[in-house]
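Chemist: For the sequence shown, numbering that gives the first Met the number 0 begins at 0 and goes up steadily by one.
Structure in structure tokens, see below.
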Amino acid sequence: MPVKPFKMRGIGPHRPIIMALVALLLILPVGAIFVAWQSHVAAEIYQDYQIGQHAVPVNARIDGECSTRKSIFTSCKTTITYRDHTVKKSFSFFGTGGDIYARAVADANDPSRLTLDVAVEKVGNRSMGVLLFGGLGLLMIGAAFYVALVRVPRYRRILAAINCPEAQPWQLAAVPCLSTGNAGKDAVYQAEIDGKTHKIGLSFGKQENRAWTFQTPSGQHYLLAFVPNGGGVPVALDRKLLAVAGLNKEEKSKLAAELKRAAAAAKAEC
0 MPVKPFKMRG IGPHRPIIMA LVALLLILPV GAIFVAWQSH VAAEIYQDYQ IGQHAVPVNA
60 RIDGECSTRK SIFTSCKTTI TYRDHTVKKS FSFFGTGGDI YARAVADAND PSRLTLDVAV
120 EKVGNRSMGV LLFGGLGLLM IGAAFYVALV RVPRYRRILA AINCPEAQPW QLAAVPCLST
180 GNAGKDAVYQ AEIDGKTHKI GLSFGKQENR AWTFQTPSGQ HYLLAFVPNG GGVPVALDRK
240 LLAVAGLNKE EKSKLAAELK RAAAAAKAEC
């Protein structure tokens with residue numbers, strides 16, 4: 000290992016500061032935009048429902064089209080012109096639609112409130128879509144809260160523990176993988192944290208990086224990780240050592256060479 004001291008700033012590809020920023024982005028601006036969009040769609044559906052209660056056909060000009068997406072959703076964008084009133088109408092519903100023959104209808108009590116008969120007919124269908132996407136959105140926001148309030152503090156405690164002076168010298172360990180994925184780039188291992196066993200996943204997505212794993216002749220996958228002196232939570236390594244802070248490119252290359260030799264030796268022993 001290099002003589003120059005260095006620290007761990009993440010667990011594999013996951014850095015607490017980046018995780019916190021992404022979670023806040025989902026919770027605040029993205030969450031606000033999602034709520035505003037859902038509210039707008041719900042208001043449009045409710046207006047079509049109200050028009051449908053007193054709908055009368057009108058001889059209006061209709062410009063626009065409907066198209067099917069992913070063989071699941073049909074989206075319509077139209078402009079309805081009747082007398083001196085012009086209304087732009089956009090809506091989506093579940094179904095392939097096929098040939099849609101739409102007719103303009105107006106509220107008998109207020110001719111300026113215009114819509115299409117198909118929009119009125121699909122009020123229930125569209126409401127289900129709002130509920131479905133609303134539920135998915137809440138799950139995403141809930142996951143962001145979980146990351147911000149649970150996972151980020153947990154990772155910070157793990158990194159603080161290994162980076163403290165008392166944790167030196169670190170031990171290099173081969174940690175069994177519970178599973179691997181993404182063509183071997185991702186890995187999952189488990190560790191005891193705060194008295195409970197937790198899974199720690201390394202997910203690299205489309206990054207040109209991967210977990211530092213190796214496979215024994217028996218088929219078991221192991222992950223290279225640093226462990227605090229005296230024991231503690233293993234901090235997994237990535238192949239490009241992006242989780243390592245305090246070393247320049249040359250020093251990281253030397254560390255990587257030593258880790259490769261250590262992995263080869265561990266593979267022979269396991």
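All C-beta atoms, glycine included, are put in the ideal place defined by N, C-alpha and C.
As the structure is a computational prediction, the values presented were derived from the model and not from experiment.
Identify, in the order they occur along the chain, each residue of the same chain with its Cβ nearer than 7 angstroms to the Cβ of residue 114, setting aside the five sequence neighbours on each side.
Modeler: 47, 50, 88 and 104.
Chemist: What residue range is occupied by the uninterrupted alpha helix (DSSP H) comprising residue 101?
Modeler: Unbroken run through residue 101: none, as it is neither H nor E.
Chemist: Below 7 angstroms between beta carbons: does that hold for residue 17 and residue 143?
Modeler: Against a cut-off of 7 angstroms, the Cβ pair of residue 143 and residue 17 comes out as no contact.
Chemist: If I'm right that residue 235 touches residue 199 with Cβ under 8 angstroms, what's the distance once you round it to whole angstroms?
Modeler: About 7 angstroms; that satisfies the 8 angstroms criterion.
Chemist: Counting Cβ pairs closer than 8 angstroms, one from the segment 205-214 and one from the segment 148-160, do we hit at least three?
Modeler: Result no; under three Cβ-Cβ pairs closer than 8 angstroms.
Chemist: When the Cα atoms are used, what is the spatial distance from residue 8 to residue 127?
Modeler: Going from the Cα of residue 8 to the Cα of residue 127 covers about 44 angstroms.
Chemist: With DSSP as the reference, label residue 153 as helix, strand or coil.
Modeler: Of the three classes helix, strand and coil, the one that applies to residue 153 here is helix, per DSSP.
Chemist: Mind the definition here: the segment 55-69 touches the segment 33-41 only if three or more C-beta pairs lie below 8 angstroms; say whether that holds.
Modeler: They do not touch, by the three-pair rule.
Chemist: What residue range is occupied by the uninterrupted alpha helix (DSSP H) comprising residue 32?
Modeler: Unbroken alpha helix (DSSP H) run through residue 32: 30-52.
Chemist: Using the Cα positions of residue 216 and residue 172, report the straight-line distance between them to the nearest angstrom.
Modeler: Going from the Cα of residue 216 to the Cα of residue 172 covers about 18 angstroms.
Chemist: Just checking: is the beta-carbon of residue 70 within a distance shorter than 7 angstroms of some beta-carbon in chain D?
Modeler: The structure shown contains no chain D, having only a single protein chain.
Chemist: Span of the beta strand (DSSP E) holding residue 257?
Modeler: From DSSP, residue 257 is part of no beta strand (DSSP E) but of the alpha helix (DSSP H) over 248-268.
Chemist: Our contact map puts residue 81 next to residue 59 with C-beta atoms below 8 angstroms; I'd like the distance itself, whole angstroms only.
Modeler: Residue 81 to residue 59, Cβ: 4 angstroms. Contact.
Chemist: Taking only the alpha-carbon atoms, compute the straight-line gap between residue 72 and residue 94 and give it to the nearest angstrom.
Modeler: If you take the alpha carbons of residue 72 and residue 94, they lie about 5 angstroms apart.
Chemist: Just to confirm, is the Cβ distance from residue 78 to residue 63 under 7 angstroms?
Modeler: It is a contact, given that the beta carbons lie within the stated cut-off.
Chemist: Where does the unbroken alpha helix (DSSP H) through residue 132 begin, and where does it stop?
Modeler: Note, residue 132: alpha helix (DSSP H), 122-145.
Chemist: Residues in its own chain within less than 6 angstroms of residue 169 by CB, not counting five upstream and five downstream?
Modeler: Excluding positions up to five away in sequence, the list reads 225.
Chemist: Considering only their Cβ atoms, is the gap separating residue 222 from residue 188 smaller than 7 angstroms?
Modeler: The answer is yes: Cβ separation under 7 angstroms.
Chemist: Which stretch, first to last residue, makes up the alpha helix (DSSP H) that contains residue 21?
Modeler: Residue 21 -> alpha helix (DSSP H) spans 15-24.
Chemist: For the beta strand (DSSP E) that residue 176 lies in, which residues bound it at each end?
Modeler: That residue, residue 176, is in no beta strand (DSSP E); it is neither H nor E in DSSP.
Chemist: Quick check: the Cα distance between residue 111 and residue 83, rounded to an integer number of angstroms?
Modeler: C-alpha separation (whole angstroms): 8 angstroms.
Chemist: Roughly how many angstroms lie between the CA atoms of residue 190 and residue 231, to the nearest whole one?
Modeler: Rounded to whole angstroms, residue 190 to residue 231 spans 9 angstroms at the Cα level.
Chemist: Kindly indicate which three-state DSSP category residue 186 falls into: helix, strand or coil?
Modeler: Strand at residue 186.
Chemist: How big is the Cα-Cα spacing for residue 21 and residue 203?
Modeler: Going by the C-alpha atoms only, they are around 15 angstroms apart.
Chemist: How far does the beta strand (DSSP E) with residue 60 in it reach, from first residue to last?
Modeler: Taken as a continuous stretch (DSSP letters only), the beta strand (DSSP E) holding residue 60 covers 60-68.
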